[in-house]
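Read the structure below first, then the notes.
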Amino acid sequence: MSQEKPLQVNHDDLIHDIAYNYYGTRFATCGSDQCIKVWDYNKEANSWVLNDSWKAHDSSVICLNWAHPEFGEILASCSLDRSVKIWIEQKNVETNSGKRWAPAASFLESRGAIHSIAFSPEYMSITLAVASSEGIVRFYSPHDTTSLQNWDTHSQINAVLGGAKDSDGPLIVTWCPARFSQAAMIAVGCSKENKVKIYSKDSSNWKLLLDVDSYDSPILTLQWAPHMGRSYHLIAVGCADGSISVYHLWLDLYSGKRNIESDDDLFRYENDYGLNNDNALLDTSGTAARLGLSNEDGQYALDDEDDNEARESPPNGAISDSLKSYIQNFKPHCELKAKWIAHGGLPVRKLRWNITGTQLVSSGDDGYARTWRKAANDKWKCMLAVAPEKNN
Amino acid sequence: MEVKTEVEMKDHAVINLNPGLFAVGRSAEWSERNRTLLTDIHPFKSELVACVGGKKAKEELSHPETVFEQDLNVYFIKWNNIPDNQLAKSQELMEVQEDGEEALVERVGMEHLLKLSTYYRDSIMRHLSILQGEVLDDCDTENGQANEEAQAFQYIHALWQLCEIFYFYLTSPQDQVQDHYIDWLNKNFPSPSTMEGQSIISDSDPVNHEDSPLDASESAEEIKNLVVGMPLRHEETSISAYNTKWRDWHNRCRMIYRAMEGGEENDEAWSHLHKLVSLLQGDEESIMESSQSWQEAVCAMLLYSQPTITVANFPDLVETCFGSFGVEESSAFDHATVSLINGNLGKFIILCNQIDWWFVAHITNLLYHMGLLEELDSMFPVDMHEYFITSYAETLVSHSSLWRVALDYFANCPKSGHEFLEQYVLHIPLTSDRKTKKLINIMAKQKSNRDQYGAAIINYSKINDTRNISQIANNLISAYISTGDLSYVKVIDSVIGLNSLYTSSMKFLSQYRDFHELYKSQRFVEAGKLLVSLLTTHTAPRKFWITILIDAIPLLEGDELVFDTFETYELMRCAEEIATSPRKRDYFMCLINAGQPSKTVPNDVIESSIAEMEQQMQVLNMACVRNLARATIVQY
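Residue numbers (our numbering), protein chains in the order written: chain A, 70 to 461; chain B, 5 to 640.
Below is the structure:
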């Protein structure tokens, strides 16, 4: 455990966001001075070197997000003036010229403050989700992923019924990074209702998949952990009341139920429970099957619990209680695995997972940063606290 | 929604930002002035970046906020960083891991696991002696850390050896504990140290102490004889002989003790002697009083009170001694030792985790290969084996020269390793060919560990790694010998066309599969020609010759004449080469071991199998002779 000499980033006002790129070889900062700065790691000198600094917006720059490097060095920024810009590094332009990063697009559709922007995982091509306090998430993509020009909004989520205002608090988004789920998913934290919701993309439309949970205070940060082939998803939610909540999500029809190894098994299984009928109740099962989070080998998570109970055939025409509860389990559902007050009850501003989802970093208004880790017994434990107080 | 689990908020590491952001107790004020902390986690290293953040934008504030220097500092905080002086340890221990893994690949049972275990222990010992050297070298300068580490390694070694004792040596509940335990204690916690021992010996001569009254020195002489005459287990040929002697001796102790009752209690020398005898006769209270640690107390109890205690009863003794030494004050090491002796592996592993991450990863790996973790599966929500290995490996990833080691660890986890590998590999910027090659190699190894041989071969072929390709081929051959299953070979068919560089063993496997297909479709002549060519062209590895020769018997004995004279001579030559080879027994053993993976084959089975094979070779010789006759008649 150690701290290196701090780096003076020389903004003219307070910083609002800091973000590593995909490899951790550079990071960007932005702030109330309307500037963005990009810093590169120089391995030989073991130090961070300014790549460029430029005035990015006509108002404070609130938030930054890096795209996957597969598409180039691309940075998105949003400002208090509700504008969002896409920046692309120009390798042939000198560093520190103020022109190294060229604007490729500018989005002005939002009527509310923007506190959260997020590039999609790379396997979905390049899409930027922009969450606006008016209760809308807009999706933007370029017409052509090589030139990265001509960006367009092609779909949106109206996350808050009846809309919302800036004063209701921020709208936060985080993508599901799992590569093997066939449908794109996104979690949206809506401060007006203090709810986190999951949407999935069905051909071109976004549909509400489930409400994760509701809270007593605005949601300030939200992050979906890398999937890592687990049988469940992990999502962390941080609120203004200082709470951090960690959820396990099952979106898979079969996980936690039975080991299905072949199509035959699946067919027999569905027949057993009348799943091949046109039963409206089972709509969610269809969605879930499409989202099928089977692991790479095509096997579903195994757990024989309740199996015997579920195996009973339902009486003709009627739905037995066990089947009812069974169908309940088909619905994508989630479980609150841990909830704790992390920053002395003061707002939690940032939550970030490491790339394997084994470690969570939080920071809050108490000035602390903390790392959390799930121990072998499934309990979460604080591993490290970074204290802001001056050491006498 | 209801919460399911608790969160542990105590006992974590703390690091203070330097320079700090505000004075102690001023956080509310700081926060009111539009400030919070922002962080991001490094995707690859155990490192986070932090800086002061403005909660609201300048435009939203009613009056402007002054910005100070520390508001514009970006802090980098690392954890899990391995100091350079510990690098050697991680690397050295990894080498063991690699060697060890190779041993494991052979999957030949407990004997090899024990070898592996001793391997690990030796390297821990080596590292320990280096550390102890360091501690001695710089007595004055910050030797605290080295000292602490040496202590930790001492504990690790002790636990490791104890694990070995209870799971390799003392496997029956009726086994006697005494010898092993005393050895263990002496090796790990020598007391008194040699130096102290010397000084004790030279210091005093209790028998001829001038001030002692005559009475005491007489007793002293007697007690000296008693101590010298104590029977020792290793000096006796059988347990019962030892037991009888020990009982006699014990009775003598008690008699002397009783004779001393009511003696000169005020005399210091006398009371020392009295105490000594009470120890010798196994008085529990005196033993607890005089022992410096519970481990020592256990040892004394084993020597003076319960010398023939068995594995089954040992835990009770340990609990008693442990209990009388104050459970609260004991360390994770003490608790781990007791849990191990009690056979509570779950608790043992959790405690090991508190001692050292390297240790817990490797000891669980050993327990896993011994098949001891299975019963714990239901106790833990995670796969213990892989959880600790991946956790340890993640601490290494950050380091610029250890990330490869970390990836190797991931590659050795068949269940979750490949996701970890993938995540890290994706986040490593590929800046050189060497790095790329290394990564491909690791991915290939992982595929091969998951029995995805086709994918592994493709990966290896990208970096022209013929050594590993033949290793896979050899594995497949062994798999055939043990199961008779050649279905894997299909997998390699698809890749074999890619590159002619494939090793002969790969070619052999493919051709041998062809032989079986020809044979099945009753094209015996073609099958026979192929079989002989496998031998004459040296395509078949020698350890496989016996199998091929035995395969030839039905062709030799069939109605159709398959082999001509030349081919028959070849078969005979090969049979002779095996029969006269000094490595003949090895070839037989190879077949026997392959048929019994992960088990030690009992000697009688080995002998009977060898006899059977010898007999088959005789049959082959006869068949060859008969065939030679038939072929000669046909040819001339």
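Cβ coordinates follow ideal geometry from the N, Cα and C atoms, glycine included.
Chain B within 9 Å of residue i, Cβ atoms only
i	result
Val229/A	no
Cys451/A	yes
Asn446/A	yes
Arg180/A	no
Val430/A	yes
Lys459/A	yes
Glu404/A	yes
Met297/A	yes
Asn128/A	Per the sequence shown, the amino acid found at residue 128/A is Ser instead of Asn. Closer than 9 Å: yes.
Lys276/A	no
Lys419/A	yes
Thr94/A	yes
Residue i vs residue j beta-carbon contact at 9 Å
i	j	result
Glu398/B	Thr425/A	yes
His278/B	Met292/B	no
Tyr372/B	Thr394/B	no
Pro311/B	Trp407/B	no
Asn472/B	Ala460/B	yes
Leu240/A	Val281/A	no
Gln182/B	Ile313/B	yes
His137/A	Phe208/A	no
Glu51/B	Gly93/A	yes
Residue i beta carbon near the ligand HEM (any heavy atom closer than 8 Å)
i	result
Thr470/B	The ligand HEM is not part of the structure shown, which contains no ligands of any sort.
Limits of the unbroken alpha helix (DSSP H) element including residue i
i	result
Ile554/B	549-561
Val364/B	361-373
Met471/A	In this structure chain A extends from 70 to 461, so residue 471/A is not present and cannot be described.
Ser612/B	607-639
Glu293/B	288-294
Ala448/B	437-453
Asn192/B	182-192
Ser395/B	388-401
Arg408/B	407-415
Phe424/B	421-431
Ala460/B	457-466
Glu530/B	528-540
Neighbouring residues, chain A, relative to residue i (Cβ below 8 Å)
i	result
Cys55/B	Val78, Ile84, Ile87, Thr98
Phe424/B	Met297, Thr425
Ala27/B	Glu458, Lys459
Ile354/B	Ala445, Asn446
Proximal chain B residues relative to residue i, where beta-carbon distance stays under 7 Å
i	result
Asn423/A	Ile45
Glu73/A	Phe80
Ser101/A	Gly58, Ala61, Lys62
Met193/A	The contacting residues do not exist; Met193/A stays about 16 Å from chain B at best.
Residue closest to residue i, alpha-carbon to alpha-carbon, out of the options
i	options	result
Val53/B	Glu63/B, Val28/B, Leu21/B	Leu21/B
Ser176/B	Ala32/B, Phe318/B, Leu41/B, Leu553/B	Phe318/B
Lys59/B	His46/B, Asn348/B, Phe193/B, Asp75/B	Asp75/B
Leu283/B	Trp298/B, Ser420/B, Arg258/B	Arg258/B
Asp121/A	Ile131/A, Ser129/A, Ile304/A, Tyr110/A	Tyr110/A
Gln292/A	Asp213/A, Val417/A, Asp235/A	Val417/A
Beta carbon proximity, residue i to chain A, threshold 9 Å
i	result
Asp3/B	Nothing in the structure corresponds to residue 3/B, since chain B is present only between 5 and 640.
Thr440/B	no
Glu63/B	yes
Ile462/B	no
Lys59/B	yes
Endpoints, the beta strand (DSSP E) within which residue i is located
i	result
Gly433/A	428-433
Cys403/A	402-410
Contact list for residue i against chain B, beta-carbon separation under 9 Å
i	result
Ala454/A	His16, Ala17, Val18, Ile19
Asp271/A	Those do not exist, as Asp271/A stays about 26 Å from chain B at its closest Cβ, beyond 9 Å.
Residue i: contacting residues in chain A (beta-carbon distance under 7 Å)
i	result
Lys451/B	Those do not exist, as Lys451/B stays about 12 Å from chain A at its closest Cβ, beyond 7 Å.
Gly24/B	Pro457, Glu458, Lys459, Asn460
Chain-ordered neighbours of residue i on chain A, where CB pairs are closer than 9 Å
i	result
Glu226/B	None at all; the shortest Cβ gap to chain A is about 57 Å.
Ser31/B	Gly413, Leu415, Asp434, Asp435, Gly436, Tyr437, Pro457, Glu458
Residue i at chain C interface by Cβ criterion, 9 Å
i	result
Lys266/A	Chain labels in this structure do not include chain C; the protein chains are A and B.
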